[in-house]
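*Asks:* Below is a structure I'd like to ask you about.
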Amino acid sequence: MIFSFTLVLALFLLAPGFAFVAGVYSGGFRTRLEASPPPPNSVITLALVTSGALAAHFVLSAMYGLGFGGNYPNPYAVALHLPQASEAERGADLLWVLSNLSAITIATFFATRLFIGWQLRSHGLVRNALYGWLAEATAAEGAIAYVVTSLELNGAAIGYEGVLEYMTLDSSKRIVSLVLIDCELFTLVAKGGMVHRVRNPRQTPLENIVLAGDAIRNVAFTPIGVKAS
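Residue numbers (the numbering used here): 4 to 232.
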């Protein structure tokens, strides 16, 4: 397969957009939840990549257009004239274009990551977009989780109660896995038309437990403390 110069240039120009998406979905380092990005072929991903790339290139082009680039040539003008450049100039021009694209891509990633981290601390809109039904859990200083599993003991469902340490969500906001610390086991027993939670205390709580999404039947949370908005 032979790639044309225009296609290769377009892929490089989209690099800041991919960095933007990476920055958005790595901003969860400030919470106990990690959200997975939408599928690569989804409309949301296309919109995020395109808008992120446009915003980054707008900033870079504005800097050169307003003279913040000093006497250095505008990399976009250089890129457009690459096919017409002489063999001797083409290498230096390509290096200059790629250097600018690399710089704006790296800057986009870290700027987006810091912005999303700030938004997660102070605003609910971004939390709702990233975490959906679990948004409120990210606003808490911590949470006690009650996890009912698909495992059973003598017909009773087995569950775990513990402090939520970490949770990963897929692009549909479903739980992929979660980690609990200081866990206690309990069972759910039906008696007299009611469901009762029977604790099974241990001398020493389980230090931690990792549960995969396919083993989780239901989850409930009790916030430990709520962050100031």
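Just so you know, even glycine gets a beta-carbon here, dropped at the ideal spot from N, CA and C.
Throw me the rounded Cβ distance for the residue 162 and residue 191 pair, which I believe falls under 8 Å.
*Replies:* As a first step, residue 162 must be located in the sequence shown, where it is residue number 159. As a first step, residue 191 must be located in the sequence shown, where it is residue number 188. At roughly 6 Å, the Cβ-Cβ gap stays under 8 Å, so residue 162 and residue 191 are in contact.
*Asks:* Kindly confirm or deny that the segment 17 to 32 and the segment 43 to 59 touch, where touching means at least three C-beta pairs closer than 8 Å.
*Replies:* Yes, they touch.
*Asks:* Is it right to say residue 23 is buried, meaning 16 or more other beta carbons lie within 10 angstroms of its own, or is it exposed?
*Replies:* On the sequence shown, residue 23 is found 20 positions in, with the first residue counted as 1. When all chains shown are included, residue 23 counts as buried.
*Asks:* In or out: residue 232 buried (at least 16 other Cβ within 10 Å) or exposed?
*Replies:* Mapped onto the sequence shown, residue 232 falls at position 229. Summary for residue 232: the model assigns pLDDT 45, below 50, so the residue's position carries little reliability; its value from the coordinates is reported in the next sentence. When all chains shown are included, residue 232 counts as exposed.
*Asks:* Compute the Euclidean distance between the alpha carbons of residue 66 and residue 11, then round it to the nearest angstrom.
*Replies:* One-based indexing of the sequence shown puts residue 66 at position 63. One-based indexing of the sequence shown puts residue 11 at position 8. C-alpha separation (whole angstroms): 24 Å.
*Asks:* Restricting to runs no shorter than 3 residues, where is the beta strand (DSSP E) found entirely within the segment 150 to 213?
*Replies:* 159 to 172, 178 to 194, 197 to 203
*Asks:* If the criterion is Cβ atoms closer than 8 Å, does the pair residue 42 and residue 174 meet it?
*Replies:* As a first step, residue 42 must be located in the sequence shown, where it is residue number 39. As a first step, residue 174 must be located in the sequence shown, where it is residue number 171. Cβ distance < 8 Å, so residue 42 and residue 174 count as in contact.
*Asks:* Would you give the residue range spanned by the alpha helix (DSSP H) that residue 88 belongs to?
*Replies:* Position 85 of the sequence shown, counted from the start, is the residue given in the question as residue 88. Careful: residue 88 lies outside any alpha helix (DSSP H) and carries neither H nor E.
*Asks:* Work out the CA separation of residue 26 and residue 89 for me, nearest whole Å.
*Replies:* Within the sequence shown, residue 89 is the residue found at index 86, counting from 1. Within the sequence shown, residue 26 is the residue found at index 23, counting from 1. C-alpha separation (whole angstroms): 38 Å.
*Asks:* Identify the continuous beta strand (DSSP E) that holds residue 38 and give its terminal residues.
*Replies:* Translated into positions along the sequence shown, residue 38 becomes position 35. Here the beta strand (DSSP E) through residue 38 covers 36 to 38.
*Asks:* Sort 15, 13, 29, 9 by Cα distance to residue 171 and report the nearest one.
*Replies:* Within the sequence shown, residue 171 is the residue found at index 168, counting from 1. The shortest Cα separation from residue 171 among 15, 13, 29, 9 belongs to 29.
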